[in-house]
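J.: I'd like to ask you about the structure that follows.
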Amino acid sequence: MKKMAVGIMSGTSLDGIDVCLAEIDGSFLQTKVKVLSFETYPIELNLMKKIKDAMKDDACTPALISSLNMELGYAFGDAVLALCKSYGIDSKDLAFVASHGQTIWHINEDNSEYIKSSLQLGDGSAIASKVKTTVVSNFRTADIAAGGVGAPLVPYVDYVLFSDPKKTRALHNLGGISNMTVLKAGGTLDEMIAFDTGPANLMIDYAMLSLFGKPYDQDGNTASNGKVIRPLHKLLMAHPYLEQKPPKSTGRELFGDAYTKDILALFKNEKKEDLIRTFTEFTKDSIVKAYKDFVMNDVKLDEIIFSGGGAYNTFLMNEIKKELKEIKIMILEELGYDSKAKEALAFLILGNETINRKPSNATKATGAKKQTILGQVSYYL
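Under our numbering, the first residue of the sequence shown is numbered 1265, with each subsequent residue one higher.
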């Protein structure tokens, strides 16, 4: 039966709260979904500061984490209310809301001090108190408990929406982090290849804000006016994450503000445009390396479909096309979807699987030992 639902995404780039309203029916390969409305709402500056502080060892406190969990929940709820109002519906008429939450930290593997884990803030009950309907949240921990790394989760949705009987295609999202899903022609869920390749916009955006006071590099114009700083490029390409074999995932803990700030300090005498060009080159080369090292030896790709904010970086996309000439490069809009809405829509679809009590982790992508139902449900009476 068709129902209306909302998906919420607040990603590593912290460029806003993405809210997607859609009509959905069925589950898994029988899923039928139609996007009705999408909007990105800005994160209030004080809340943004708290989020960034929560990611810093010298600023994070138990009190901050406790408070921020509820504050984000209320902010997510308000964003849903705003979208519902603009579309002309009451949030109580939604079958459910699915929220990814704001990732604060992600530990990819056990070490001597900490165990594998992932923390997303934005309490489901706080959201439910605002929207007055059922909320599904905290999707990643179930996969971790099943032996996975809790990421990436979107590949399941990529398989549901974009698998093709004749074409081998990759879905590649360029958000704060760059991640791919490779779907073999006529392949099963267990045959996919999916992982994070490294940073997409994360380092570029931080450098643009620090050096130019701008939130991002519009169309890659700044990078296009710079030259690659070879010693910096060599240093970045030597990052051990690039050699790590999939399944793997990453985030701000490796490529965030602290890392980028240190790099900028080390190369402070270089031209600003050259720094942006080099970070852009790193994004491009780490993506190309990932395809050549971990994908193209096993499968012949027919097409790569890009989405996310980075897909609108004309310079970056042209540089990728130069390196992967033999593969058709597309953007998600060519398949009738909004690149910006993809991840919010993805968590709406994952939430739908949870509501239907269906498992929705792609074990080949996360490394989990078994499929499991993702998310925690907060009911509203």
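In this text, a Cβ means the ideal position worked out from N, Cα and C, and glycines have one as well.
Drop a sphere of 10 angstroms on the beta-carbon of lysine 1349, count the other beta-carbons inside from all chains shown, and report buried for 16 or more, exposed for fewer.
T.: exposed
J.: So if DSSP puts isoleucine 1595 in a beta bridge, which residue, or which two residues, is it bridged to?
T.: Phe1570
J.: Write down the C-beta distance between serine 1550 and leucine 1506 rounded to the nearest angstrom, noting that I regard them as a contact closer than 8 Å.
T.: 6 Å
J.: Classify lysine 1296 as helix, strand or coil using the three-state DSSP reduction.
T.: strand
J.: With burial defined as no fewer than 16 other Cβ atoms inside 10 Å of the residue's Cβ, what is the status of leucine 1417: buried or exposed?
T.: buried
J.: Is it right to say threonine 1397 is buried, meaning 16 or more other beta carbons lie within 10 angstroms of its own, or is it exposed?
T.: Label assigned to threonine 1397: buried.
J.: Just list the residues that DSSP pairs alanine 1362 with in beta bridges.
T.: Gly1271, Val1400
J.: If we call anything under 8 Å between Cβ atoms a contact, is phenylalanine 1340 one with serine 1355?
T.: no
J.: Between valine 1413 and asparagine 1372, is the Cβ-Cβ spacing less than 8 Å?
T.: Contact: yes.
J.: Give, in chain order, every unbroken run of the alpha helix (DSSP H) that is at least 4 residues long and sits entirely within the stretch 1606–1636.
T.: 1606–1619, 1627–1630
J.: Along the chain, where does the beta strand (DSSP E) containing histidine 1436 start, and where does it finish?
T.: Note, histidine 1436: beta strand (DSSP E), 1433–1438.
J.: Please go through the same chain and pick out, in chain order, the residues whose beta-carbon is closer than 8 Å to the beta-carbon of asparagine 1485, but skip the five residues on each side of it.
T.: Within its own chain, the residues whose Cβ lies closer than 8 Å to the Cβ of asparagine 1485, once the five positions on either side in sequence are excluded, are Phe1579, listed in chain order.
J.: Given that a residue counts as buried once 16 or more other Cβ atoms are within 10 Å of its Cβ, and exposed if not, what is alanine 1415?
T.: buried
J.: In angstroms, rounded to a whole number, what distance separates the CA positions of leucine 1438 and lysine 1633?
T.: 28 Å
J.: How would you write the range of the alpha helix (DSSP H) that asparagine 1443 sits in, first residue to last?
T.: No alpha helix (DSSP H) holds asparagine 1443; the beta strand (DSSP E) holding it covers 1441–1447.
J.: Would you check if the distance between the CB atom of isoleucine 1493 and the CB atom of aspartate 1481 is smaller than 8 Å?
T.: no
J.: Give the straight-line distance between the Cα atoms of isoleucine 1288 and lysine 1491, rounded to the nearest whole angstrom.
T.: 47 Å
J.: With which residues is cysteine 1348 paired in a DSSP beta bridge?
T.: Cysteine 1348 pairs with nothing; no bridge assigned.
J.: For the alpha helix (DSSP H) containing serine 1550, name the first residue and the last one.
T.: Here the alpha helix (DSSP H) through serine 1550 covers 1536–1558.
J.: Taking all protein chains shown into account, decide if asparagine 1625 is buried (16 or more other Cβ within 10 angstroms of its Cβ) or exposed.
T.: buried
J.: Go to threonine 1461, then tell me how far its beta strand (DSSP E) extends in each direction, as first and last residue.
T.: For threonine 1461, the enclosing beta strand (DSSP E) covers residues 1457–1463.
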